[in-house]
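Residue numbers (my numbering): 3 to 849.
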């Protein structure tokens, strides 16, 4: 018997027990042990010992009685072509690993076990087997042919190679695959557990069944798949064709799903919030619920009255048709959720950010709820500029040009945050009005905070408003810009400029700064109102002589120009800040248009960055973040400029760059060696070594090492903790690096495990005790406990303790100890004697 092979086979069998999700059928395992030990039959190999019935010829063989007496049937012929009728109970069939069996096991009976270590069936001679009630088929070798599980509690365990269909027809049948199956899989009942590889031509997964593909499993289907059952995928699931989820089916995915064709969900549930799913064709959701963590759709997505919840990111290459009462929503309030659509977005459905922030790469055309913002990934929206200040600090400027998520920087080994952040928040500017005397767009609201506390390491949404579109009709004013927000601060979008015809739309819209009003004949539009603390009012329309003009849009630095004076009125001025590293003017108002004698042309944008009325090309639009668009007499009013969010933080470059910091316990000396190296040093005064025992809350200083000061070359350091705590356990260490100016920073924390000292009594004796300090001695009374090790001595008193002293002998110890005791205050003190890995404490009373 080859014991290594047998152990391997046992291991493969036990792997089945691990993956089974139902109670294990111990009758099989017990019988297997009986065969191995009691009857001395090998699990694999020849099946030639402990056998009650042996089929060792190509055909023929013994008759198997139909009774309930346990029996072992061995098939050992090199090429067995004859059929075997089992027609019995409680039997174990062993097909030897050296056997090719191209006959058929007919009438598999009940409560029998078939162990195939060889080859059952052959190419061109496939052999099928149907399992009856309670029959277990364990394939450790190769099976070529179909396997059908008809009986209740029938089980097929495949850890070898299965070529052919597997069909489950009973609700209590089980198929566990940890090997490889190639063929078809038909689930009409029962359950499948796969940790191996299943390669299917077709897969029929009918209602009332379950399929569990474990994290080590792989399922590949080369045609269309209909899922009517419960399909749980933790591994890899690949479909070359179309996947259809029907109302009775569900797909739970925490692994990866790859579909080369289309995915259609018909009132079903797809839960892939912790997995990935990639669809090569289209996605159609008909009243179903799809939870997607990471997903890609190459084609169009149609959501018909369904729910698509995004728990991370969904990329759609084509169009998104969100029809009926369909919802596409952020699913996770603890992260930023992204929707990227390569085509257009249409339909009456809603985009929702009520359960988290939803970032969309294009303006939604219709219904939105909660926080839904236009933006993209941090790589698309965030620009970072670093300015060296020359004093060992740098200013890092984070410039957000569209909405995204941001992980706030944390302290690192190279740098640390010095103080709170400066923040500038600017909303989108309003669009300009249309008509011969239309109003300019108002500027987006502006908030500047000189000191904002940030939570390092946390991820937050940064919302950047987009500019409002200029008016395309004299009956409609320019659109408002959208809001920008950062933490608890929200800047309001600028108001749109009024247009000349419609009474209501002749008025400038309110916003961060108000839009300018229009005028038609004697009808004067009113100014839009600005948000207090963020912007100013627009101006109303007016007339001078026989000329009429619109009002300028309000700016962050002042209101739009009103009706006094000739010509279209200018937009209000913006405000300038150098938070970005240069002085830039933000949030200026757009200019107004005018007509008639006595007018001297159109209004200019405020601060030369708001949109000019009737400006050519881009000059009509707002030209710095948050600025309003200029009005137009014909064509399209100027667009408001998008907003911006800028965060500026100061970081101190740490004087020391650590290459490594490590600890090692030296058992013989009972010391802890701390070694570290720096890659560079700048104004490095010294290191203080700190230690904590058992936790990282209570630190004590245990030493100091002088620093190099200034160095661009690596410097290595060594410190020995000569007195690690006697109680042992996990000992934590950190370095406090101190500059010449007293500023300091901590290194990372490292730990080492130290064994406890053996505390014993009665090895040493102190006398006289009590003592007045004269002629005090400590004697060794148990020499079996002392092997001439070096002795470390110290005295501990509530008011004083002596530093540890290492001595070589008992005589030297007593010479030292008498001198120390004389200096001890009266009262109880402790003599601590440490040698090797042992320590003893002796209480002494000094009178």
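Where is the CB? At the ideal position from N, CA and C, for every residue including glycine.
Only exposed fits residue 412, as fewer than 16 other CB atoms lie within 10 angstroms of its CB. Beta-bridge partners assigned by DSSP to residue 806: none are found. Where residue 823 is concerned, the enclosing alpha helix (DSSP H) starts and stops at 812-825. Sequence-distant Cβ neighbours of residue 737 in its own chain, meaning closer than 6 angstroms and more than five residues away, are 689, 749.
Look at residue 507 here: in three-state DSSP terms it is helix.
Short of 7 angstroms from the beta carbon of residue 668, and not among the five residues preceding or following it, lie these beta carbons of its own chain, in chain order: 675. The C-beta distance from residue 208 to residue 189 rounds to 6 angstroms, short enough to meet the 8 angstroms contact threshold.
For residue 395, same chain residues with a beta-carbon under 8 angstroms away, outside a window of 5 residues either side, are 420, 652, 653, 654, 655 in chain order.
Distance from the CA of residue 747 to the CA of residue 740, rounded to the nearest whole angstrom, comes to 7 angstroms. Residue 785 sits exposed, since fewer than 16 C-beta atoms from the chains shown fall within 10 Å of its C-beta. Separation of residue 564 and residue 439 (C-alpha to C-alpha, rounded to the nearest whole angstrom) is 12 angstroms. Collapsing the DSSP output to three states places residue 463 in a strand.
Under DSSP, residue 369 takes part in a beta bridge, and its partners are 352. The region 106-114 makes contact with the region 135-142; the number of CB pairs closer than 8 angstroms reaches 3 or more. Residue pairing from DSSP places residue 768 in a beta bridge opposite 780. Residue environment: residue 662 is assigned as exposed (fewer than 16 neighbouring CB atoms within 10 Å of its CB, all protein chains considered). Annotated as proximal: residue 629 and residue 445, with beta-carbon spacing under 9 angstroms. Rounded to whole angstroms, residue 62 and residue 86 show a C-alpha spacing of 9 angstroms.
In the DSSP secondary-structure assignment, residue 255 is bridged to 235. Excluding sequence positions up to five before and after residue 820, its CB lies within less than 6 angstroms of the CB of 778, all in the same chain and listed in chain order.
Counting C-beta pairs closer than 8 angstroms gives fewer than three between the region 571-585 and the region 476-489, which falls short of the contact rule. Counted as a single uninterrupted DSSP element, the alpha helix (DSSP H) harbouring residue 382 occupies residues 380-383. In the structure shown, residue 82 adopts extended strand secondary structure according to DSSP, grouped into three states. One thing to note: residue 298 has its Cβ no nearer than 9 angstroms to the Cβ of residue 287.
Put simply, the region 642-651 does not touch the region 696-708. Fewer than three CB pairs are less than 8 angstroms apart. Excluding the 5 residues flanking it on each side, residue 605 has same chain C-beta neighbours closer than 6 angstroms at 554, 570, 571, 572, 593, 594, 615, in chain order. A Cβ-Cβ separation of about 15 angstroms leaves residue 357 out of contact with residue 375 under the 8 angstroms criterion. Inclusion of residue 807 and residue 818 in the CB contact set at 9 angstroms is warranted, their separation being smaller than that value.
Beta-bridge pairing by DSSP links residue 731 to 756.
The three-state reading of DSSP puts residue 337 in coil, since its state is none of H, G, I, E or B. Rounded to the nearest angstrom, the Cβ distance from residue 639 to residue 435 is 6 angstroms, consistent with a contact under 8 angstroms. Looking at 682, 81, 691, the one whose alpha-carbon comes closest to that of residue 416 is 682. Residue environment for residue 533: buried (at least 16 other C-beta atoms within 10 angstroms of its C-beta). Taking a contact as a CB-CB distance under 8 angstroms, the pair residue 588 and residue 720 does not count as one, their CB atoms being some 55 angstroms apart.
Contact between residue 452 and residue 424 holds: their C-beta atoms lie close to 6 angstroms from each other, under 8 angstroms.
Put simply, the backbone Cα of residue 758 is about 7 angstroms away from that of residue 731.
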